[in-house]
Structures are given as C-alpha cells and as structure tokens.
Amino acid sequence: MKAQSRRNFLAKGSLALAAGTSGLAMACQDKQKKAVNTPYINFNNTFEWKITTTWPPNFPVVGEGCNLLARWIDEMSGGRLKIKVYGGGELIPSLESFEAVSNGAIEMGHGGAYYWAGKSPAAQFFSTVPFGMNVNQINAWIQTGGGIELWEELYDRFDLLPILCGNTGVQMGGWFNREINSIEDLQGLKMRIPGLGGKVFAKAGGTALLVAGGEIYTNLERGVIDATEWIGPYHDYLMGFHEIAKYYYYPGWHEPGSALELIVNKTKFMSLPSDLQAIIRTAAARSNNWMMSEFNSKNMVYLNRILQEGKVDLRSFPDDVLDKLRTLTTEVLEELVEEHEDCRKIYQSFDKFRRDIALWSTLSEKTYYEKLMTS
Ligand code: CA
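In this text, residue positions in the sequence shown follow our numbering: the first is 306, and each later residue adds one.
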C-alpha cells in the first residue's frame with residue numbers, strides 16, 4: 306500500500322473508532338476525505354511509543370531535551386501517550402534511526418537532518434550549512450518562511466514527518482595544536498570535521514576525517530588527528546579537549562546554527578487522535594526553545610571555565626581565512642545544487658531567505674551585539 310493511501314486508510318479507521326457507530330463513521334469518513342485534520346479525541350485510547358536518538362543516552366542538552374520531550378508529552382496527554390526514550394546504540398545504532406522511523410519499526414527519532422545526506426542530500430539545508438543561517442534566521446525560515454513545507458515534502462517520500470526540535474546555536478571552530486594564520490596553515494592538516502564543512506575543509510587542502518565521538522580525544526592526544534571540532538564550550542569541556550589542545554578557535558563557520566529535528570513516522574502520526582498530534586508538535590516547539598536556552602546557559606559557564614583554567618589560547622580565525630572558506634563553501638554548494646534537483650529547489654528558498662533577512666539581521670541583532678551589548 307502506498308504511503309498516502311495507507312495514511313488515508315488509517316485516518317479513516319481511527320475516525321471510525323472515535324465515532325463509535327459504523328453508520329456515523331461512514332458519514333464522517335466522507336467528510337474526512339475533504340478535511341483530513343477534522344479534530345477527534347478519544348480519551349480511552351492510550352499509546353506506548355518509542356523514540357530513538359542519535360545521541361548517547363542522556364547526552365547533555367540534546368539527550369536530556371529528548372527526556373523532557375517525552376515527559377512533557379506524557380504530562381500534556383494525561384498519560385495517554387507514553388514515549389520511552391532510547392539513546393543511540395541502546396535499541397539500534399544511532400545512524401539507523403532514519404530508516405527505523407521511516408519503516409515504522411520505531412515511531413520517533415531525534416537527531417540532525419544533515420546526518421541523512423546519504424539518503425537525501427537536500428536534508429542538510431534543514432540542519433545547517435557552512436556560512437548559512439544562525440538560529441534565529443533558520444527558525445524563521447523553517448517555521449514561517451516556507452522551509453517547513455519543503456521539509457515535509459522532502460521527507461514525505463520516506464513516510465516521515467519532520468518537526469523542528471532544537472538548535473545548537475553557533476558552534477565553536479574547533480581545537481588545534483597549530484596556529485591558523487593563513488589558509489595555507491590548513492594544508493595537510495588532519496581534522497575531524499564532518500559534512501559539508503568537511504568538504505570545504507578538504508577543498509582548502511586539509512584532510513577531513515570522520516571520527517566517532519568516543520574516539521576523538523584519544524586520536525587528538527595521539528596525533529592521529531591534528532584538530533577537531535565538536536559543539537561548543539560545554540560539550541567540548543566535557544570531552545576534555547582543553548587538556549590536550551593549545552588553541553580554541555571561533556567562530557564555527559561550518560555550523561552557524563545547527564537545527565535539530567524530531568522525526569515521526571507519518572502513518573503512525575496521522576493515526577493518532579488529533580489532540581495527541583497537537584501535543585507532539587507543542588512539546589517539540591517547547592524542546593526547540595529549551596535546548597537553545599540550555600546550550601546558551603551552559604556554554605556561557607563553561608567558556609569561562611575553560612578560560613579560567615588558563616591552558617588554552619582562544620583565537621578567532623583571521624578574516625582572510627574565513628573569506629577563503631566562504632568562497633570554497635560557495636563552490637561546494639554549487640556542486641551540490643548542480644548534482645541534485647531537490648537541493649536546487651530547496652537551496653533556492655534557503656538562499657533567498659538568507660539574503661533577504663541579512664539587512665534586518667544586520668541592523669537589529671548585529672548592531673545590538675556590536676554597539677549596544679556591554680560586558
Ligand atoms: Ca559540530
């Protein structure tokens with residue numbers, strides 16, 4: 306059965322259950338054909354779902370945020386929708402969650418859309434791209450600027466519903482044992498840097514490596530890699546990179562505002578009573594807000610802690626290095642758009658929004674940071 310007809314079938318079935326009598330149900334089904342989102346609530350049905358995350362169990366901020374998401378859904382639904390949270394590797398390996406939620410083996414997943422570049426390269430625009438948008442900008446594009454319609458359309462073919470659910474904010478540039486004074490200093494450098502950022506880094510002459518989270522510290526300590534990026538001061542501190550690297554560079558040009566996603570099996574979502582559907586969306590919006598707030602609160606504390614311990618030299622990438630990386634990013638994005646039709650369509654919307662919002666962001670946020678904020 307095709308996904309669309311399966312959804313219609315399940316929507317009808319659930320409506321019949323809510324209506325109670327088959328005659329009434331049939332009449333409602335006719336209406337339902339025109340208005341799939343007709344509200345219906347059934348307080349007798351309870352659901353036990355699972356969410357599998359791409360993070361280790363209880364991972365700071367994002368894993369904790371998933372625990373809260375499940376708790377909030379439980380509270381709002383009066384216990385009618387219980388969601389058990391599994392960290393990556395507990396139920397299935399982290400990066401198999403897209404597939405598992407897509408085929409309905411697990412109802413929900415949490416991660417970043419750029420993890421699914423192998424399934425659909427255009428997914429990357431719904432997490433982050435180098436020199437892309439910051440958290441405020443990408444929230445605006447996705448939620449009210451046309452992004453969500455494109456995202457839902459892209460994921461529909463996988464029978465997935467994407468919901469915005471978290472953001473890391475601007476990440477840090479990473480940990481280095483060598484000063485970066487010019488683009489030439491990146492040549493021959495082996496850095497753990499995934500995704501499109503890695504492609505740009507490779508174009509700059511470096512070697513971009515993918516190293517699993519648990520192995521980065523040892524690889525950096527032993528010189529298997531020369532540098533690594535991770536997230537921001539809080540998570541970086543917990544990894545202990547400040548003990549073994551000399552320089553901590555900013556900004557995270559490669560991840561200027563990585564949006565995170567809740568993915569829900571669409572057939573199962575559509576079969577839920579409408580109030581539970583709304584509760585999932587509402588809890589995800591709360592998590593989207595909570596995760597960014599928690600990142601900021603913790604990064605603030607741990608940045609100071611890293612600096613106070615006094616072993617690390619905090620540096621900004623030189624402007625000309627960033628300019629060169631920006632040029633190389635344009636090349637990488639042009640190649641991506643050239644190769645994939647989905648990327649072309651989504652990038653058009655993404656890039657137009659990014660350009661259109663630049664003036665407003667400049668005279669509001671940027672001016673605030675540069676001229677009004679005191680420290
Ligand atoms: Ca990162």
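No residue lacks a Cβ here, since even glycine has one placed at the ideal position from N, Cα and C.
Taking 6 Å as the line, does the beta carbon of residue i fall inside it for any heavy atom of ligand 1?
i, result
"residue 476", "yes"
"residue 369", "no"
"residue 534", "yes"
"residue 520", "no"
"residue 566", "no"
"residue 646", "no"
"residue 640", "no"
"residue 395", "no"
"residue 560", "yes"
Please return the same chain residues whose Cβ sits closer than 8 Å to the Cβ of residue i, not counting the five positions on each side in sequence.
i, result
"residue 358", "364, 367, 368, 371, 390, 391, 392, 393, 399, 402, 414, 415, 416"
"residue 339", "Because residue 339 sits at a pLDDT of 45, beneath the cut-off of 50, its placement in the model cannot be relied upon, and the following sentence gives the value as read from the coordinates. Once the five neighbours on either side are set aside, residue 339 has no close Cβ partner at all."
"residue 577", "319, 352, 386, 585"
"residue 618", "551, 552, 553"
"residue 672", "none"
"residue 592", "370, 371, 373, 374, 377, 470, 471, 567"
"residue 442", "562, 658, 659, 662, 666"
"residue 629", "488, 509"
Can you name, in chain order, every residue of its own chain whose Cβ lies under 7 Å from the Cβ of residue i, other than the five neighbours on each side?
i, result
"residue 440", "472, 474, 562, 597"
"residue 582", "574"
"residue 665", "none"
"residue 312", "The predicted model places residue 312 with a pLDDT of 42, which falls under 50 and marks its position as unreliable, so this point remains unresolved."
"residue 612", "619"
"residue 681", "Nothing can be reported for residue 681, as the shown portion of the chain is limited to 306 through 680."
"residue 486", "623"
Report the option in the options whose CA atom is closest to the CA atom of residue i.
i, options, result
"residue 465", "350, 600, 571", "571"
"residue 513", "504, 587, 345, 378", "504"
"residue 491", "530, 468, 447", "530"
"residue 501", "517, 608, 560", "560"
"residue 447", "532, 467, 610, 581", "467"
"residue 508", "516, 354, 498", "498"
"residue 350", "374, 657, 382, 361", "382"
"residue 544", "607, 510, 557, 444", "607"
"residue 469", "506, 566, 511, 346", "566"
"residue 519", "546, 642, 476", "546"
"residue 462", "424, 538, 384, 420", "424"
"residue 384", "408, 348, 418", "348"
"residue 541", "661, 603, 488", "603"
"residue 527", "454, 482, 506, 616", "482"
"residue 639", "434, 346, 625, 599", "434"
"residue 431", "455, 449, 408, 409", "455"
"residue 634", "437, 429, 668", "437"
"residue 484", "362, 517, 555, 346", "555"
"residue 521", "444, 493, 479, 511", "479"
"residue 395", "420, 360, 451, 428", "360"
Can you name the residues that DSSP bridges to residue i?
i, result
"residue 355", "389"
"residue 532", "481, 496"
"residue 564", "472"
"residue 552", "481, 618"
"residue 372", "Partner(s): none; residue 372 has no beta bridge."
"residue 570", "465"
Looking only at its own chain, which residues have a Cβ that is under 6 Å from the Cβ of residue i, when we skip the five neighbours before and after it?
i, result
"residue 308", "The predicted model places residue 308 with a pLDDT of 48, which falls under 50 and marks its position as unreliable, so this point remains unresolved."
"residue 736", "With the chain running from 306 to 680 in the structure shown, residue 736 is simply not present."
"residue 649", "642"
"residue 476", "536, 537, 557, 560"
"residue 409", "570"
"residue 539", "603, 604, 607"
### Query
In chain order, which alpha helix (DSSP H) runs of at least 4 residues are fully inside the segment 377-440?
Within the segment 377-440, the complete alpha helix (DSSP H) segments at least 4 residues long are 402-407, listed from N- to C-terminus.
### Task
Run through the segment 436-520 for me and flag every whole beta strand (DSSP E) of 3 or more residues, listed as ranges in chain order.
465-472, 479-481, 495-497, 512-514
### Task
Enumerate, from N- to C-terminal direction, the unbroken alpha helix (DSSP H) stretches of 4 or more residues contained entirely within the segment 583-659.
With a minimum length of 4 residues, the continuous alpha helix (DSSP H) runs that stay inside the segment 583-659 are 624-644.
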